[in-house]
Amino acid sequence: MSTMELSFKLNGRALTLNVAPDTLMVDLLREDLGLTGTKAGCREGECGACTILVDGTPMNSCLMPALKVQGREITTIEGLEKADGSLEVLQEAFMGEGASQCGFCTPGMILTATALLKQNPDPDEGEIRQALSGVLCRCTGYRKIVQAVKAAAKARA
Amino acid sequence: MQDKMQDKNKTQVLTKARTGLEHLIKTAGKSLTVAGTSVARRDDPLKVTGKLKYGADYPDEGFLYGKILRSPHPHALIKSINTKKAKELEGVVAVLTAEDVPGRNGFGAIIPDQPVICGDKVRFIGDGVALVAAESEKIAHEALKLIEVDYEPLPALFDPRDAMAEGAPKIHESGNLLSDDKMVKGDVDAGFAEADVILERTYQVPFLEHAYLEPDTTMARLQPDGVMLVEGPMQAPFTTRRNVAPVLGIPINQVRVRQIHMGGGFGGKEDSPIDIGCRAAVLAWHTGRPVKISLEREEITIQTAKRHPMIMELKVGAKKDGTLTAFQGVIYDEQGAYASLGPKIPPAGGSHVHAMVMMPGPYEIPNVKVDAYLVYTNHPYGGAMRGFGAPQVHIAHEQMMDELAAELGISAVDIRRKNAFKLGSATATGQVLNQSVGLRETLEACAERFDWDRRLAECGWVDQAKTKRRGVGVAMGWYRTSIGTNGDGCGAAVHVHEDGSVLLYSGITEMGQGAFTVLPQICAEELGIEPGDVRIVQPDTDLVPESGPTVGSRSTTLMGNAIILAARQVKESLLDTASMMLMVPTERLEARGRKIYDRENPGKSLGFAAVAARTMASGKRMIGQGWWTPPPPSLDGHTGQGSPYHVYTYSTHMVQLVVDVETGEVALEDYVAAFDVGKAINPKALEGQIEGGVAMGLGYALMEEVVLDHGVTQNPSLQGYLIPTMLDVPDIQPLILEVPNEMGPYGAKGIGEMPNIPATPAILNAIAHASGGRVSRLPADPEKVFWAIREAGGPPQA
Chain A
1 MSTMELSFKL NGRALTLNVA PDTLMVDLLR EDLGLTGTKA GCREGECGAC TILVDGTPMN
61 SCLMPALKVQ GREITTIEGL EKADGSLEVL QEAFMGEGAS QCGFCTPGMI LTATALLKQN
121 PDPDEGEIRQ ALSGVLCRCT GYRKIVQAVK AAAKARA
Chain B
1001 MQDKMQDKNK TQVLTKARTG LEHLIKTAGK SLTVAGTSVA RRDDPLKVTG KLKYGADYPD
1061 EGFLYGKILR SPHPHALIKS INTKKAKELE GVVAVLTAED VPGRNGFGAI IPDQPVICGD
1121 KVRFIGDGVA LVAAESEKIA HEALKLIEVD YEPLPALFDP RDAMAEGAPK IHESGNLLSD
1181 DKMVKGDVDA GFAEADVILE RTYQVPFLEH AYLEPDTTMA RLQPDGVMLV EGPMQAPFTT
1241 RRNVAPVLGI PINQVRVRQI HMGGGFGGKE DSPIDIGCRA AVLAWHTGRP VKISLEREEI
1301 TIQTAKRHPM IMELKVGAKK DGTLTAFQGV IYDEQGAYAS LGPKIPPAGG SHVHAMVMMP
1361 GPYEIPNVKV DAYLVYTNHP YGGAMRGFGA PQVHIAHEQM MDELAAELGI SAVDIRRKNA
1421 FKLGSATATG QVLNQSVGLR ETLEACAERF DWDRRLAECG WVDQAKTKRR GVGVAMGWYR
1481 TSIGTNGDGC GAAVHVHEDG SVLLYSGITE MGQGAFTVLP QICAEELGIE PGDVRIVQPD
1541 TDLVPESGPT VGSRSTTLMG NAIILAARQV KESLLDTASM MLMVPTERLE ARGRKIYDRE
1601 NPGKSLGFAA VAARTMASGK RMIGQGWWTP PPPSLDGHTG QGSPYHVYTY STHMVQLVVD
1661 VETGEVALED YVAAFDVGKA INPKALEGQI EGGVAMGLGY ALMEEVVLDH GVTQNPSLQG
1721 YLIPTMLDVP DIQPLILEVP NEMGPYGAKG IGEMPNIPAT PAILNAIAHA SGGRVSRLPA
1781 DPEKVFWAIR EAGGPPQA
């Protein structure tokens, strides 16, 4: 199959690649670029484990043709870690509150919460639950995830 | 309050005669430094950065991709298979049928009744009839379409009662009744004669999907030395190994199974890795190439084990004051097409056996009779799922208790106060509960925290228009630690190195529950070092001692004890060295905070690392080994009497919710879940188990069901199979009580499965309380709640 040129910004770095038109973003990230922090849980846009930020907005990468990100700015979980190895407040809060169990939903949760806190630095519980409801977790019952987002908001205030 | 309860219980324990003392490892009374604290999860930094590698994250190393051709018929004979066209497709390396299986063509966690590749017949939609290995997943898919199979459909059975009927078509040669067991205590006829009220009810629960978020993956490769290496996310590496070896026709020591961190398991990754592990190994065996099989979400829903569906008939008798006099029950436990983890393992293992023992609930009842049948059908098969038989029967007995209370005009809490187990109670199997019985304490603590009386008084219509009604619900529960089989031993090894760092060898797997955090805590506690000084080895059957599976809420307790024994063995060697270095007798030495010191003169001390180095240099023991087996379980095959499980965890849940009586929709508002856990080794991880378990129980109550029509799964996706989202789950408040288990490490009991068990009936009871609608066939989705309210003659008007 012929390929097409795709240019976008990934975790702060400009990239130009040749991709087959039927390539999905989740596969481009995981298989071609080796960024396996983005998870594929259902490949039908239901579980949210594949969430990435597209220009700051959380989206399911499993339903997204890679060519759709032309010219966009993409953030994956790997992009949150700073150059000096330090972590984002949300990542610290997830650890502090015990918000990860199996951890499979964690990247999608953290990225979705990152977008939320950017838009609304002091969300109430209802707003947190609404914003994160597209990411499924089968382990935690969500309580400690909500607490982690609250803790991160507080720490950043 | 907690302390008072502990003291009270401890005093009572001392006055009772006990059995199984030879299994006692003394840990009581030890003042703890590491165990009992919320040590941060070991793997958290990898999880929050996306660096943790799950099965699917391992790089492609020249794998072939394996795919399974599945039967479209629930029950059929295979007349012929033509694989010629598939084999000719470019990129296809192997297409295998039944005759290509090198050894035993069957696998199964307990009975190898499931063909690796079906030869003569298929027994459910999803049965594997051919295997393909190809250079890409896409080619493998294409190849499946080119395989031609000629089937002769057979009459299929979808109800266990039909399958038990005389003359029913046989699904397996041995017949459709896989197992039947009976539990008889006292005289139920006499008990019912004594009763003022007798109620009879039937409850029915469907197949459930685990819906772990990480899809199953397995990788098999034949190593140059002829050893077959199978890797993947799995809960039971030893069970996988036990199956792969005979399927290949080689000894167990020629198979090596490595576990990869799991993205959730909940019992489901106990046997699905056996299935795809055997199949990937057969493909690797034939091709000589590494083979990867990854299941798609649809395949997971169709193919892998489910929670057993049950039809449960109950009859209960009580006096006017609520005292239970008799209980009679029948369980039709639907096994589906293959035995998986369902069948009985003597004396007390098995889905229906477990359900039978638990069916009368955690209540003192003098007269009990339960018949339990485990039956093959042409549906997908039942396996282990968080609670293994217990959630089903709790849904029945806890609803029955509420219905009985309503009939008698007493409160749902009072009827439980009247009958709940206490220290010294005899269960329906005649087992006297002689230690660590905190059930009533959970009821009182839960009622206090929930403020039951006030909330109960405040229930009723929420709005003027009378469309929404608020209600409260309560449910209790009990659950065993370990699995009730004779072979439930668990081994560990602790290797101290000359710099004081420690490797812990355990076969218990990490699936998110926190074993890799809690087990090093126990090891560190015993050696007197920090949890970070202990690295736990990723389970690998070539490295770790046989530990049994990571199931049955057994890991912390059984493995915890094995680790304590292992640590003590090596510690003895270290203390011997320290004794000579300090010129202090070993009995006076204490190991704590990375130091070994004289208890009578704490200034006289040595660093743990210095002692380790000297011990090593002296040529003394640096490795400790431990093995712990619970007291032998007993359950008479004819009467169901005995002591099937060595200790139980207890719980009470209370919930407040609102039902929209016009639409049947349910919204949870508040939730308190109280547990007697014996001892919380890591309170935060334990809370996580509770909160997640309640959410899973909520899904069972309100939305989850694998919908089957003539054997065809109607909702094989997370679009169709709904699990709770963040908007469905309320803020769950966990309440932890500690009535110590004298058989457990520092008093701990199992907790992995208990949390979801009372959650489902607590919610169903609250729905009935709010709306008058009693849903006896799950799930209580809006449509069922709507009709249940109408069947009850409309909501209460008060």
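Chains as they are written, first to last, in my numbering: chain A, 1 to 157; chain B, 1001 to 1798.
We put the CB at the ideal spot given by N, CA and C, even for glycine.
Does any residue of chain A have a CB that is nearer than 8 Å to the CB of residue i?
| i | result |
| --- | --- |
| L1408(B) | no |
| S1351(B) | no |
| V1122(B) | no |
| E1090(B) | no |
| I1732(B) | yes |
| Y1332(B) | no |
| I1723(B) | yes |
| P1346(B) | no |
| V1729(B) | yes |
| G1066(B) | no |
Reducing DSSP to helix, strand and coil, say where residue i ends up.
| i | result |
| --- | --- |
| F1388(B) | coil |
| T1629(B) | coil |
| D1576(B) | helix |
| H1646(B) | coil |
| A1195(B) | coil |
| N1756(B) | helix |
| M1005(B) | For M1005(B), the pLDDT reaches just 42, beneath the cut-off of 50, and the residue's location in the model is therefore unreliable, although a value from the coordinates is still provided. Helix, per DSSP. |
| T1027(B) | coil |
| R1774(B) | coil |
| E1270(B) | helix |
| C971(B) | With chain B represented from 1001 up to 1798, any question about residue 971(B) goes unanswered, as that position is not in the structure. |
| R1440(B) | helix |
| V1093(B) | strand |
| V1502(B) | strand |
| N1795(B) | According to the sequence displayed, residue 1795(B) carries Pro and not Asn. Coil, per DSSP. |
| M1234(B) | coil |
| M1806(B) | As displayed, chain B neither begins before 1001 nor continues past 1798, which places residue 1806(B) out of reach and without an answer. |
| S1080(B) | strand |
Does residue i come within less than 8 Å of chain B when only Cβ atoms are used?
| i | result |
| --- | --- |
| C105(A) | yes |
| R138(A) | yes |
| R13(A) | no |
| A40(A) | yes |
| K150(A) | no |
| S133(A) | yes |
| Q70(A) | no |
| T75(A) | no |
Going by the CB atoms, is the gap between residue j and residue i shorter than 8 Å?
| i | j | result |
| --- | --- | --- |
| S1501(B) | V1647(B) | no |
| R1568(B) | E1530(B) | no |
| V1093(B) | R1221(B) | no |
| H1352(B) | G1389(B) | yes |
| G1128(B) | I1117(B) | yes |
| L1089(B) | V1291(B) | no |
| M1359(B) | H1308(B) | no |
| A1613(B) | P1545(B) | no |
| M1754(B) | S1553(B) | yes |
| L1657(B) | A1562(B) | no |
| T1556(B) | V1518(B) | yes |
| V1661(B) | R1469(B) | yes |
| L1404(B) | A1326(B) | no |
Measure the beta-carbon distance from residue i to residue j and round it to whole angstroms, keeping in mind my assumption that it falls under 8 Å.
| i | j | result |
| --- | --- | --- |
| M1511(B) | K1269(B) | 7 Å |
| A1134(B) | G1175(B) | In fact, because the Cβ distance is near 39 Å, the residues do not count as touching under 8 Å. |
| L1439(B) | M1476(B) | 7 Å |
Near-chain B residues of the region 88-121 of chain A - C-beta to any C-beta below 7 Å | From the region 88-121 of chain A, only Q91, F94, M95, G98, S100, Q101, C102, G103, F104, C105, T106, P107, I110 have a Cβ closer than 7 Å to chain B.
Identify each residue in the region 1505-1520 of chain B for which the Cβ-Cβ distance to at least one residue of chain A is less than 8 Å, and report them in chain order.
-> Residues passing the 8 Å Cβ filter: M1511, G1512, Q1513, G1514.
What residues in the region 1424-1447 of chain B have a beta carbon less than 8 Å from any beta carbon of chain A?
-> If the cut-off is 8 Å between Cβ atoms, the region 1424-1447 of chain B has nothing near chain A.
In chain order, what residues of the region 1535-1551 of chain B put their CB closer than 9 Å to some CB of chain A?
-> Contact annotation: in the region 1535-1551 of chain B, no residue has its CB less than 9 Å from a CB in chain A.
Listed from N- to C-terminal order along the chain, which residues in the region 1260-1284 of chain B have their beta-carbon within a distance smaller than 9 Å of any beta-carbon of chain D?
-> The chain labelled as chain D is not found among the protein chains of the depicted structure, namely A and B.
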